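Visitor:
Residue numbers (the numbering used here): 29 to 227.
Okay, structure coming up:
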């Protein structure tokens, strides 16, 4: 997954400026928008219809806290999968979560991640994916953290799987630079509304 040096540098600059914009959000506004975004996910027909949900756990201060969404899904007896990064293979591993307190443990930097004792899940079992990202555009392209974990993972899921993100309005930058290995999403939910990828 080689990157053009100029594009890589531009993405890095966009990543840094967007992270700063998120950090600059008023804390009360941010909390309200996070709650709104999680409600939008829960009301999304594609989310409601899915049998197996892949939901990331917040790993950075700038990310939207998904634990309330995960908790509600578990309370509703939904099948919830959470990812864990294999730091040797640089790949996402998927584990089924049934209880937040029992099945998550502090990982690197105290970031919660699934215990390895949880049931391992194959990518082909997933119906709906919540994908983290730093910035998105109106065609549902994304800039992640730069490690490429989701760009390597997403091509391995079934073609009809719904891949979505949630983002603050300041995370929508149009257009963002796209490389051959970048994988666009089906949609992005923001406080201003829903962005759907063009067919």
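Virtual Cβ for every residue (Gly too), placed ideally from N, Cα, C.
In this text, all values refer to a predicted model and were calculated from it rather than measured experimentally.
For residue 111 and residue 219, what's the separation of their Cα atoms in angstroms?
Guide: Spanning the two alpha carbons is a distance of roughly 25 Å.
Visitor: Starting from the C-beta of residue 69, find all residues in its chain whose C-beta is less than 8 Å away, skip the five residues before and the five after it, and write them out in chain order.
Guide: Within the same chain, residue 69 has close Cβ partners 75, 97, 158, 192, 194, 217.
Visitor: Scan the stretch 96-182 and note each continuous beta strand (DSSP E) run of 3 residues or more that stays entirely inside, going in chain order.
Guide: Counting only runs of 3 or more, we get 107-114, 119-125, 132-134, 140-142, 156-158.
Visitor: By the DSSP assignment, the beta strand (DSSP E) with residue 193 in it spans what residues?
Guide: Here the beta strand (DSSP E) through residue 193 covers 190-194.
Visitor: Whole angstroms is fine: what's the gap from residue 58's alpha carbon to residue 154's?
Guide: C-alpha separation (whole angstroms): 30 Å.
Visitor: Cβ atoms of residue 121 and residue 109: under 7 Å apart, would you say?
Guide: Not a contact, by the Cβ cut-off of 7 Å.
Visitor: Please confirm whether any heavy atom of the ligand SAH lies closer than 6 Å to the CB of residue 165.
Guide: The ligand SAH is absent from the structure shown, which contains no ligands of any kind.
Visitor: Taking contact to mean 3 or more Cβ pairs, one atom from each stretch, closer than 8 Å, check whether the stretch 86-104 and the stretch 175-185 are in contact.
Guide: No contact exists between the stretch 86-104 and the stretch 175-185.
Visitor: What number of angstroms, rounded off, separates the C-alpha of residue 189 from the C-alpha of residue 210?
Guide: Straight-line Cα distance between these residues: approximately 17 Å.
Visitor: Going by DSSP in three states, residue 47 sits in which element: helix, strand or coil?
Guide: Residue 47 falls in the helix class under three-state DSSP.
Visitor: Out of 72, 205, 225, 151, point me to the one whose CA is closest to residue 80's CA.
Guide: Checking every option, the nearest Cα to that of residue 80 belongs to 151.
Visitor: To the nearest angstrom, how far is it from the Cα of residue 87 to the Cα of residue 113?
Guide: The straight-line gap from Cα to Cα measures roughly 11 Å.
Visitor: Based on DSSP bridge pairs, tell me the residues matched to residue 217.
Guide: Beta-bridge pairing links residue 217 to 194, 222.
Visitor: I'd like the list of long-range same chain contacts for residue 149, defined as Cβ closer than 6 Å, with 5 residues on each side in sequence excluded.
Guide: Closer than 6 Å at the Cβ level, and outside the excluded window around residue 149, lie 109, 122, 124.
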